[in-house]
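Written out below as C-alpha cells is the structure these notes cover.
Protein chains: 2
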Amino acid sequence: MDRLDRKILRILQEDSTLAVADLAKKVGLSTTPCWRRIQKMEEDGVIRRRVALLDPGKVNTKVTVFVSIRTASHSIEWLKRFSEVVVEFPEVVEFYRMSGDVDYLLRVVVPDIGAYDAFYKRLIAKIEIRDVSSVFAMEQIKYTTQLPLDYMMIDNQKSGED
Amino acid sequence: MDRLDRKILRILQEDSTLAVADLAKKVGLSTTPCWRRIQKMEEDGVIRRRVALLDPGKVNTKVTVFVSIRTASHSIEWLKRFSEVVVEFPEVVEFYRMSGDVDYLLRVVVPDIGAYDAFYKRLIAKIEIRDVSSVFAMEQIKYTTQLPLDYMMIDNQKSGED
DNA sequence: GCCCTTTCGAAATGATTTTTCGTTATACAC
DNA sequence: GTGTATAACGAAAAATCATTTCGAAAGGGC
Numbered sequence: 001m002d003r004l005d006r007k008i009l010r011i012l013q014e015d016s017t018l019a020v021a022d023l024a025k026k027v028g029l030s031t032t033p034c035w036r037r038i039q040k041m042e043e044d045g046v047i048r049r050r051v052a053l054l055d056p057g058k059v060n061t062k063v064t065v066f067v068s069i070r071t072a073s074h075s076i077e078w079l080k081r082f083s084e085v086v087v088e089f090p091e092v093v094e095f096y097r098m099s100g101d102v103d104y105l106l107r108v109v110v111p112d113i114g115a116y117d118a119f120y121k122r123l124i125a126k127i128e129i130r131d132v133s134s135v136f137a138m139e140q141i142k143y144t145t146q147l148p149l150d151y152m153m154i155d156n157q158k159s160g161e162d
Numbered sequence: 001m002d003r004l005d006r007k008i009l010r011i012l013q014e015d016s017t018l019a020v021a022d023l024a025k026k027v028g029l030s031t032t033p034c035w036r037r038i039q040k041m042e043e044d045g046v047i048r049r050r051v052a053l054l055d056p057g058k059v060n061t062k063v064t065v066f067v068s069i070r071t072a073s074h075s076i077e078w079l080k081r082f083s084e085v086v087v088e089f090p091e092v093v094e095f096y097r098m099s100g101d102v103d104y105l106l107r108v109v110v111p112d113i114g115a116y117d118a119f120y121k122r123l124i125a126k127i128e129i130r131d132v133s134s135v136f137a138m139e140q141i142k143y144t145t146q147l148p149l150d151y152m153m154i155d156n157q158k159s160g161e162d
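Chains as they are written, first to last, in full-length UniProt numbering: chain A, 1 to 162; chain B, 1 to 162.
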C-alpha cells in the first residue's frame with residue numbers, strides 16, 4: 001500500500017470507467033503492474049465493489065428524510081427483529097446505531113412528503129417503535145462515496161498532491 | 001423508461017463490472033439493444049457515474065460522526081462561505097441543509113475519536129460556528145448507494161419481481 | 001393494408017482486459 | 001563485493017469485451 005496504490009484508489013473512487021492503460025498512464029506506470037495492483041486491492045477487499053451511481057431526481061427520490069429513533073429499553077429479540085425489518089426497506093439507504101440521545105438514525109429517500117408518510121405507515125405496521133422523529137433535508141449540499149485516503153498508512157505518507 | 005431499463009439499473013447499481021452480454025442475458029435481451037439502453041441512460045443522466053466503493057475499515061475511516069449545526073441567523077455571505085469551507089473537507093462525505101431545529105447536518109468519516117477532534121479543530125479554525133453538536137455512530141447497520149427504483153414511472157409499473 | 005418509427009439481433013470491427021514471458025530493481029546473507 | 005531470492009516492472013501476445021454496422025421484426029397511426 002504505497003503512494004501509487006493511493007493514487008489509483010483516488011482515481012477509481014472518482015471514475016471507474018477508465019481503461020487500465022489510461023489509468024496506468026495517469027499514475028505513471030505501465031498497464032500490467034497497474035492492473036495487478038488493482039487486482040490485489042480487490043482481493044484484499046480494499047476495493048469492495050464497482051457500482052453505477054444514479055441521479056436521485058431522475059429516479060424520483062429527490063427527498064431525503066433523517067429519522068431518529070429512541071427505543072427506551074427493549075429485548076435483544078426486539079432489536080434483532082427491528083434491524084431485520086428496517087434493512088429490508090429499499091428506501092432506507094443508511095442505518096446507524098448511535099451513541100447518545102438517539103438510539104438509531106435512518107436516512108430514507110422518497111419522492112415527496114406523501115411518499116414518506118406512506119413509508120412511515122408501512123414501517124410502523126411491521127414493527128412497533130416507541131419514539132420516532134423525522135426531519136427533512138431541504139438541500140443536499142454534498143454527497144460523495146469517496147472516502148478520504150489521507151488516513152491510510154501511518155508511515156509512507158509524504159502526502160503530496162497525489 | 002420501461003421494465004427492462006429498471007432491471008438494468010437494478011443490476012448496475014449492484015455491480016457495474018458485468019459484461020454487457022451477461023447483463024443482457026440477465027434481463028432477457030441481446031447485447032446490442034441492452035448496450036444502447038445503457039448508453040441512453042448515461043446520456044440522459046439517469047446513470048451519473050461509475051465508481052469503485054472502498055472498504056471504510058481498510059482505508060482507516062471506520063468511524064462515522066454526525067455533526068448537527070445551528071447557526072441562529074447569519075448573513076448570506078456567511079452561509080456561502082460556510083458551505084464552501086465545509087465542502088472542501090474530504091472527511092465530510094454528506095452535507096445537508098435541514099428543516100426544523102438543526103440547520104445543517106454533516107456526516108464525517110474519520111479513523112477514531114482523536115482524528116475527529118483534530119478535524120473539528122481544523123473546521124472551527126476556518127470558520128466560526130455558533131452551535132455544534134457531534135454524535136458518534138456505534139455501528140453502521142446498512143449503507144447502500146442503491147436508490148429504490150419503485151418510484152420511477154408512475155405508469156408502466158406492473159411492479160413484479162424485476 | 002401500408003408507411004413510419006422504434007426496437008431488436010447476428011455478425012464484424014475495434015478496443016480493452018488479462019496472460020505470458022523476460023527484465024530490472026531491492027534486500028539480505030555470506 | 002558477489003550471489004541469490006523476492007518483488008515489482010514492461011512489452012507483446014492472447015482472450016475477452018465493447019461498439020458499430022447492417023438488416024429484420026414489431027408496434028402505431030392513417
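Just so you know, even glycine gets a beta-carbon here, dropped at the ideal spot from N, CA and C.
Using C-beta distances below 8 Å, list every residue in its chain close to residue i, excluding the 5 sequence neighbours before and after it, in chain order.
i: Lys126 of chain B; result: Val85
i: Asn156 of chain B; result: Reliability fails at Asn156 of chain B, whose pLDDT of 41 lies under 50, so the model's placement of it is uncertain and the value that follows must be treated cautiously. Hits under 8 Å: Met1, Asp2 and Arg3.
i: Glu92 of chain A; result: With the sequence shown as reference, residue 92 of chain A is identified as Val, and Glu is not the correct amino acid for it. Cβ within range, chain order: Val86, Leu106, Arg107 and Val108.
i: Val20 of chain A; result: Thr31, Cys34, Trp35 and Ile38
Just tell me which of the options has its CA closest to the CA of residue i.
i: Asp112 of chain B; options: A:Ile38, A:Leu53, A:Tyr151 and A:Ala24; result: A:Tyr151
i: Val67 of chain A; options: B:Thr71, B:Glu42 and B:Met98; result: B:Met98
i: Leu106 of chain A; options: A:Ile8, A:Val65, A:Arg3 and A:Asp44; result: A:Val65
i: Phe119 of chain B; options: B:Leu79, B:Ile38, B:Ile76 and B:Val63; result: B:Val63
i: Ile124 of chain B; options: B:Glu94, B:Val109, B:Phe82 and B:Val93; result: B:Phe82
i: Val59 of chain A; options: B:Tyr104, B:Lys121, B:Asp44 and B:Asp55; result: B:Asp44
i: Tyr104 of chain A; options: B:Val108, B:Lys121, B:His74 and B:Met138; result: B:Met138
i: Thr79 of chain B; options: B:Glu128, B:Thr61, B:Val20 and B:Ala21; result: Reading off the sequence shown, one finds Leu at residue 79 of chain B, where the question assumed Thr. For the residues B:Glu128, B:Thr61, B:Val20 and B:Ala21, the minimum Cα distance to Leu79 of chain B belongs to B:Glu128.
i: Pro56 of chain B; options: A:Val46, A:Tyr116, A:Lys121 and A:Ala115; result: A:Val46
i: Met153 of chain B; options: A:Thr61, A:Ala19, A:Val102 and A:Tyr116; result: A:Thr61
i: Phe136 of chain A; options: A:Val110, A:Lys121 and A:Arg122; result: A:Val110
Spatial neighbours of residue i within its chain, please: CB distance less than 7 Å, with the 5 preceding and 5 following residues excluded, ordered by chain position.
i: Ser30 of chain B; result: Ala24
i: Val27 of chain A; result: Leu4, Lys7, Ile8 and Cys34
i: Gly100 of chain B; result: none
With residue i and residue j assumed to form a contact (beta carbons below 8 Å), what rounded beta-carbon distance in angstroms separates them?
i: Arg10 of chain B; j: Leu147 of chain B; result: The pair is not a contact, with the Cβ atoms about 10 Å apart (cut-off 8 Å).
i: Arg37 of chain A; j: Ile8 of chain A; result: 6 Å
i: Met41 of chain B; j: Asp5 of chain B; result: 7 Å
Once the 5 residues before and after residue i are set aside, which same chain residues still bring their CB inside 6 Å of it?
i: Glu94 of chain B; result: Arg107
i: residue 163 of chain B; result: Chain B is shown only over 1 to 162; residue 163 of chain B falls outside these bounds and no answer can be derived.
i: Tyr96 of chain A; result: Leu105
i: Lys121 of chain B; result: none
The stretch 132 to 152 of chain B in contact with the stretch 70 to 87 of chain A per 3-pair CB rule at 8 Å: In this structure the stretch 132 to 152 of chain B lies against the stretch 70 to 87 of chain A, because at least three pairs of beta carbons, one per stretch, are closer than 8 Å.
Three CB pairs or more closer than 8 Å across the stretch 41 to 57 of chain B and the stretch 1 to 17 of chain A: The stretch 41 to 57 of chain B, when compared against the stretch 1 to 17 of chain A, does touch it at the 8 Å Cβ threshold.
Positions along the stretch 69 to 102 of chain B whose CB lies within less than 9 Å of some CB in chain A: So the close ones are Ser83, Val86, Val87, Phe89, Pro90, Glu91, Val92, Val93, Glu94, Phe95, Tyr96, Arg97, Met98, Ser99, Gly100, Asp101 and Val102.
Cβ contact check for the stretch 69 to 79 of chain B and the stretch 118 to 132 of chain B: 3 or more pairs under 8 Å: Yes, since at least three Cβ pairs between the stretch 69 to 79 of chain B and the stretch 118 to 132 of chain B fall closer than 8 Å, the two stretches touch.
Contact list for the stretch 139 to 150 of chain A against chain B, Cβ threshold 9 Å: Answer set for the stretch 139 to 150 of chain A: Glu139, Gln140, Ile141, Lys142, Tyr143, Thr144, Thr145, Gln146, Leu147, Pro148, Leu149 and Asp150.
Near-chain B residues of the stretch 47 to 69 of chain A - C-beta to any C-beta below 8 Å: For the stretch 47 to 69 of chain A, residues whose beta-carbon sits nearer than 8 Å to a beta-carbon of chain B comprise Ile47, Arg48, Arg49, Arg50, Val51, Ala52, Leu53, Leu54, Asp55, Pro56, Lys58, Val59, Asn60, Thr61, Thr64 and Phe66.
Chain A contacts from the stretch 1 to 34 of chain B (Cβ-Cβ distance under 8 Å): Along the stretch 1 to 34 of chain B, the positions whose C-beta sits under 8 Å from a C-beta of chain A are Leu9, Leu12, Gln13, Glu14, Asp15, Ser16 and Thr17, read in chain order.
Cβ-based contacts, 7 Å cut-off: residues of the stretch 120 to 141 of chain B near chain A: Answer set for the stretch 120 to 141 of chain B: Val135, Phe136, Ala137, Met138, Glu139, Gln140 and Ile141.
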